[in-house]
Structures are given as structure tokens and as C-alpha cells.
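Here our numbering is used: the first residue of the sequence shown is 38, the next is one more, and so on. Working notes, structure below.
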Amino acid sequence: MDQLQRFKRQIRNHLLFILVADNAFMIVSAWYAYVHKHFSVPQTMVLSGITGFVLSVGFTILSTSYLVRPLQAIWQAILHISPDTAEQGAPNLQKLPLGKDMVTNLVSHIYQLASVMDAVAATTKAEQSAPSHDFIATNLPLPLLVLDKQDMVIFANQDALKYFEKEADDIVGKSVYSAVDMSFTNEHTFDKWLADAKANKPVAAQTWERVRINLPNHEQSELPLCDLAAYYNQGNPEGLETMLVFFDHTQQYGQDNQAMSFVALAVHELRTPLTLLRGYIEVFEEELHGKVTQELEGYMSKMAVAAQQLSTFTNTILNVSRIENDQFVLKLNKESWPGILKSTVADLQLRASVRGITLELTVASNLPPVGVDRTSIYEVISNLIDNAIKYSNGSDRIIVKSYLTHEGLIETTVQDFGVGIPEAAMPHLFDKFYRNQRSRAQIGGTGLGLYLAKSVVEAHGGAIWVRSKAGEGSTFGFTLLPYDQVADAQKTSNNESADIVRSAHGWIKNHSLYRR
38 MDQLQRFKRQ IRNHLLFILV ADNAFMIVSA WYAYVHKHFS VPQTMVLSGI
88 TGFVLSVGFT ILSTSYLVRP LQAIWQAILH ISPDTAEQGA PNLQKLPLGK
138 DMVTNLVSHI YQLASVMDAV AATTKAEQSA PSHDFIATNL PLPLLVLDKQ
188 DMVIFANQDA LKYFEKEADD IVGKSVYSAV DMSFTNEHTF DKWLADAKAN
238 KPVAAQTWER VRINLPNHEQ SELPLCDLAA YYNQGNPEGL ETMLVFFDHT
288 QQYGQDNQAM SFVALAVHEL RTPLTLLRGY IEVFEEELHG KVTQELEGYM
338 SKMAVAAQQL STFTNTILNV SRIENDQFVL KLNKESWPGI LKSTVADLQL
388 RASVRGITLE LTVASNLPPV GVDRTSIYEV ISNLIDNAIK YSNGSDRIIV
438 KSYLTHEGLI ETTVQDFGVG IPEAAMPHLF DKFYRNQRSR AQIGGTGLGL
488 YLAKSVVEAH GGAIWVRSKA GEGSTFGFTL LPYDQVADAQ KTSNNESADI
538 VRSAHGWIKN HSLYRR
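This is how it looks when you write it as C-alpha cells:
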């Protein structure tokens, strides 16, 4: 109110000044004309009237421009925030000669009111565009989560709440990683994919199979298993950056696990007679060597190879079953890698020689001790060499090399010169039960060897890879950590050679590898 009174006083003073100045100028001009110019009284009155009229017009024009400037500033402020005239600049309130305090206060209130209206409009628009107002999202017969750019859950439909056995308050407004406990079958987890997508891709989509939902107060056998599909849209104008849809396959995957358990049980029963069979074959080879014809010795060699292959098969089945049930435990000990390689290649030399193949081993002299589970890593090497033998396609050599990489890792490669691998099959080589359609009918196998090899290598902290070209052979390789790196954070202070116990891959959560 003080600002208004001050503004009225300024106008009053201005008008008073104009009137006084106008009258004073008329009196002075009349006096000057009458005294100095000797105008007559009528002439002086006419001159005074003309002078008064001209001065009134001039002062009126000047006063109008002066007095309207506060109103003009308010008008410019309104045009500045109007969506239809956004190009209008904001008024410069510092140059106002009249009513500056009052106009500044009014313009400030106008801006605040406009901000409130924008916020109300934005909130209304967001509420109208939110997934909860979307009929499809709300009634989608699949669990659905929507995340914002901070990975916070901003929407969960009713199917999601039922699937995760939670109330809306336990999910909405929480980080997806704390709201939903998901476990994956390998290291390619949702959080890694999302971080990569945010850094490198404006739009991305990904799917995962056999994702386990960890629910409290549930036995492991009762936990839901599902496929997960995710869609990411960077900078979504409505704030809906990431969408997750869950496809429940608990029954199907549960049946697969039961089938694997049944197969593992059946295979386990084969181990005892198989062990006896291999023992008798070894006795026959020792006792009858040189006493029977070469043809019979050849038969015994083939029997030994077949028994060895059957033993590898049973071990693979049992180990895959343990991995699926998160019961496959590795004990990493300090071992000489050249010694393990030489003994493994020697064991497989008979299998290769039956096919007319020579195994060539080259081991660098500067390899440090490794931290490995000797039995499990033996199966990795055995599987890779066995695959090279099966797919050699008439070639007579397989090259096994081991060397130290620039990163200080021990890398081992198995190279064959056989049929090679089609490019389309490369992404699926390490998937469970996967076998190339072209070779499935010609070459036997379970499709589990490479899956097991990958699981074991990654549990050792290494990585496995393959390079191949159809018709030119394949090279499989894997890396291992030196024992000092493996044991650095886990070995006891008083026993540097203490065992390091770790599971295979088991189930990998969003952030870490399960360990025991």
C-alpha cells in the first residue's frame, strides 16, 4: 500500500509541476510582450492564449509518455510470459523513472503466478500421461515396471505387485535394485546393460532368460523363474525412461530343472560301473601288452577312449546339474599351470591318436602359478580339446598354446584346422544345450561342454572366447588369473596357500557374483 501511495504522490507532484510551469511560462511571456514589446492588452491576451495552448499540448504529450511507462512495463512483462508472444523481451525495470518499486513488485507477482500455472499444467499433463492413466499399462496381463532416469520405480501394475508379493508403497518410489531382487545366469545383468545403454545408446532393448526373482520366506525351489524384456528411451519427455516386462516361466523352467536332476541321478548311477570298466581296461592293457595281436591291442585302445569319453560325459552332466542347483563349489589352490596342461594333454593324446591327430603343446617358460580347482579346470581343457578332435574333419594336428598376456593373465588356446563354425552360430556357442544344426546330425554331443567350460572359467575369474571361420578351423581360448591376484583379497594372513572357495557362476545378482 505504501508503494501505491508513493506512486500517487509522484504523479501528483509531476502534474503540479507541469501546471505551475505552464502558468509561469504564460505569465512571463505576457509580461515580456506587454512591457518590452509594447503589445496592447488585446494582443497580449491573444499571445498568452496561444502560448498556453501550445504549452498544454506539448506538456500533455510529454506527460502521457512519462506517466504511461509503468503501465507499459507491466504490459511487456505479461507479453514476455505469454506463450503466443514469447519473443517479447522482459522489461528493464531499473530504468523506470516513476513507480519503480510498485511495478517491480507487481511484475514479480505476475512471474510467480505464471510459474505456479506452469507447474499446475505440467503436473496435470504428467498425471494424464502417467502409466497409471494408461489403460494398456494398467491392464497388461504381465508384470510391468516403469523407471525414471534415476532408476526409481515410478509405476508398477497390479500383476507386478502380485508377482513380487509387495504393496505399491514397497516398490513405487524405490530403486529398482532394492525393490526387486533379480538374479541372472551370467554376468550380463540388467544393471550392466542399463549403464551401457545410458552411456552409449539413446534407445536400446534387451532380453534375458531364466531370471530368478528372489522372494523372502520362499525356498529356492519355489522362487519364480522368468524371462525379462527391457526397453530404454533416453530423455523421454514424460520421464518414462526404462520399461521392464516379466514373462513368467516358472513351470517350464522348473520342469527343465527336474529333467536335468533326473538325468543327473541316472548318470550318477553309471559312475560306479564305469569306474570298474575303466579299471579293468587299464589292467588288460598292462597285462596283455605285447601278448596279443596289434588288432586286439587296437580294440583295447578304442575301448579305453570310449570309456574316457563316457567318463567325461558323466562328469559334464553332473557338474551342470550342480551349477543349476548352485551346488558346484570350486577350491582354488596354488598350482603349476604347465604341469596341469602337460598331464591333461597326455591323457587326451590317446583319444587324439585314435583319430590320427597329434596334439602339439607349447607352454611359455615365464608362467606364474595359477589359482585353480585342478579337477574342474581339467574338464575345461578336456572339453576344448575333445571338441577340436571331433570337429577336425580330417586334419592331423591340434595346437595347444599357453602364454602370459600383456595384462599379466595366463591365456591358453586350443586351435584346430577343421570344419569351423558358421558366423550365425557364434553368439550361441556357450548357451546350454546349443548345438549347430549343420553338425548335429553328424557329430555327437550334448551341447553342455562349452556351457560348463564358460561357467568354470568365469568362476575362476577368467574369460573364454572363440575365433572361427567356416571351413578354416576354430581357436578357443581362455584366461586365468595368477594365484597372487586371486588370493590377494581372500587368503588368510597366516597361511598364504589357504584354499579359496568359490561357487561356479550359480546365479549372479545385479551387482556381484555369489561366493561361499
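For every residue, glycine included, the Cβ atom is placed at its ideal position computed from N, Cα and C.
(request) Determine the DSSP secondary structure at Gly327, reduced to helix, strand or coil. (result) Assignment of Gly327 by DSSP, reduced to helix, strand and coil, places it in the coil class.
(message) Can you tell me whether Lys137 is buried or exposed? The criterion is at least 16 other CB atoms within 10 Å of its CB, across all chains shown.
(response) Looking at its Cβ environment, which holds 16 or more other Cβ atoms inside 10 Å, Lys137 is buried.
(message) On the CB-based measure, 16 or more other CB atoms within 10 Å of its CB, does Gly408 come out buried or exposed?
(response) The residue is buried, with at least 16 neighbouring Cβ atoms inside 10 Å.
(request) Look at the alpha carbon of Lys132 and the alpha carbon of Ile64, and state the distance between them as a whole number of angstroms. (result) 35 Å
(request) Note the first and the last residue of the continuous alpha helix (DSSP H) segment covering Val105. (result) 78-118
(request) Excluding the 5 residues preceding and the 5 following Gln47 in the sequence, name in chain order all residues of the same chain whose CB lies nearer than 7 Å to its CB. (result) Once the five neighbours on either side are set aside, the close Cβ partners of Gln47 are Leu135, Gly136.
(message) Buried or exposed for Tyr69, going by 16 or more other Cβ atoms inside 10 Å?
(response) Answer is exposed; the Cβ neighbour count stays below 16.
(request) Classify Ile98 as buried or exposed, calling it buried when 16 or more other Cβ atoms lie within 10 Å of its own Cβ. (result) exposed
(request) Taking 8 Å as the threshold, find out whether the segment 443-463 comes into contact with the segment 498-513 through three or more Cβ pairs. (result) yes
(request) Reducing DSSP to helix, strand and coil, say where Ile250 ends up. (result) strand
(message) So, with DSSP's three-state summary, where would you put Ala490?
(response) helix
(message) For Thr450, list the residues DSSP reports as bridge partners.
(response) Lys438, Gly514
(request) Please classify Ile87: is it buried, with 16 or more other beta-carbons within 10 angstroms of its beta-carbon, or exposed? (result) exposed
(message) Could you compute how far the alpha carbon of Gln271 sits from the alpha carbon of Val400?
(response) Taking the straight line joining both Cα atoms gives about 49 Å.
(message) Between which residues of its own chain and Lys371 is the CB-CB distance below 7 Å, once the five residues before and five after are set aside?
(response) Pro406, Gly408, Tyr520, Ser534
(request) Might you give, ordered along the chain, the residues of its own chain that have their beta carbon closer than 8 Å to the beta carbon of Lys554, omitting 5 neighbours on each side? (result) This structure cannot settle anything about residue 554, because the visible part of the chain is limited to 38 through 553.
(request) State yes or no: is the C-beta of Phe227 within less than 8 Å of the C-beta of Ala267? (result) Their beta carbons are under 8 Å apart, which means Phe227 touches Ala267 by this criterion.
(message) Considering only heavy atoms of the ligand ADP, does any lie closer than 7 Å to the CB of Leu150?
(response) No copy of the ligand ADP appears in this structure; indeed no ligand is present at all.
(message) Residues in the same chain with beta-carbon distance under 8 Å from Gly393, minus the five sequence neighbours each way, listed in chain order, please.
(response) Asp433
(message) For a test of the three-state rule: what should DSSP assign to Lys528, helix, strand or coil?
(response) Residue placement at Lys528 is flagged as unreliable, the pLDDT there being 48, under the threshold of 50; a coordinate-derived value is accordingly withheld.
(request) Tell me whether Ser549 is buried or exposed, calling it buried when 16 or more other Cβ atoms sit within 10 Å of its Cβ. (result) Its pLDDT being 36, under 50, Ser549 is placed unreliably in this model, and the coordinates cannot settle the point.
(request) Check Tyr268 in the structure and name its three-state DSSP category. (result) DSSP places Tyr268 within a strand segment (E or B) once states are collapsed to three.
(request) Can you have a look at Tyr81 and say buried or exposed, based on whether 16 or more other CB atoms are within 10 angstroms of its CB? (result) First, the residue type needs correcting, since residue 81 is Thr and not Tyr in the sequence shown. Buried is the call here.
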